[in-house]
Structures are given as structure tokens and as C-alpha cells.
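Enquirer:
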């Protein structure tokens, strides 16, 4: 259960974004978890950030997400997603 001022997320026990990524990878079959980059900014992203080969927290992420991530990029408003893609996908 993760609730904020304008949203509330409820997951079944044992279900989180990390297990969702694993399920997707099982479906794809040919992609290993080490080849995955995920981006997150909140506590509900922690399992996913720890799981992925490249766990990327946005600069405006909360401390839980930043601690779980391998790297922190610029904020969402400062094109942090584009920065992560350039660094980890295009290796620039």
C-alpha cells in the first residue's frame, strides 16, 4: 500500500514492480535482467530498481529510490530520462 495526496497504490502480497519486470522478462524469454534498465522516483520502485541491471533514479526521486538505484540522473523536468537513455542505451 502506497498512498500520496493524489494517488493510492494497492498491490497483492508479493506483487511489486520488480515482480512485474520479472514476469515480463519470462514472457519475452530472450532478455536477461542484466540487460534491463528501469527508471524510478518513489518507494514503490525500489524492488524494480534493485532488480535491474541498471536501476536509475530520477534526480527528484525520494531517498528510498535513490538508495536502491545504481545511479541518479537529472530530474524529470531536466530531461533525466533522456540522460539515462543516452548513458545506458547509446553509451554516450
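Numbering (our numbering), first residue to last: 1028 to 1119.
C-beta atoms are modelled at their ideal positions from N, C-alpha and C, and glycine is treated no differently.
Give me the Cα-Cα distance between residue 1068 and residue 1110, rounded to the nearest whole angstrom.
Expert: Numbered from 1 along the chain shown, position 41 holds the residue referred to as residue 1068. Numbered from 1 along the chain shown, position 83 holds the residue referred to as residue 1110. Rounded to the nearest angstrom, the two C-alpha atoms are 15 Å apart.
Enquirer: Based on Cα-Cα distance, which residue from 1114, 1049, 1112, 1113 lies nearest to residue 1077?
Expert: Along the chain shown, read from residue 1 onward, the residue named residue 1077 stands at position 50. Of the listed residues, the one whose Cα sits closest to residue 1077 is 1049.
Enquirer: Per the DSSP calculation, residue 1064 is bridged to which residue(s)?
Expert: Here the question's residue 1064 lines up with position 37 in the chain shown. BP columns for residue 1064 point to 1081.
Enquirer: So what does DSSP say about residue 1036, is it helix, strand or coil?
Expert: Within the chain shown, the letter at position 9 stands for residue 1036. When secondary structure is reduced to three states using DSSP, residue 1036 falls in the strand class.
Enquirer: How far does the alpha helix (DSSP H) with residue 1047 in it extend, from its first residue to its last?
Expert: Taking the first residue of the chain shown as 1, we reach residue 1047 at position 20. Where residue 1047 is concerned, the enclosing alpha helix (DSSP H) starts and stops at 1044–1055.
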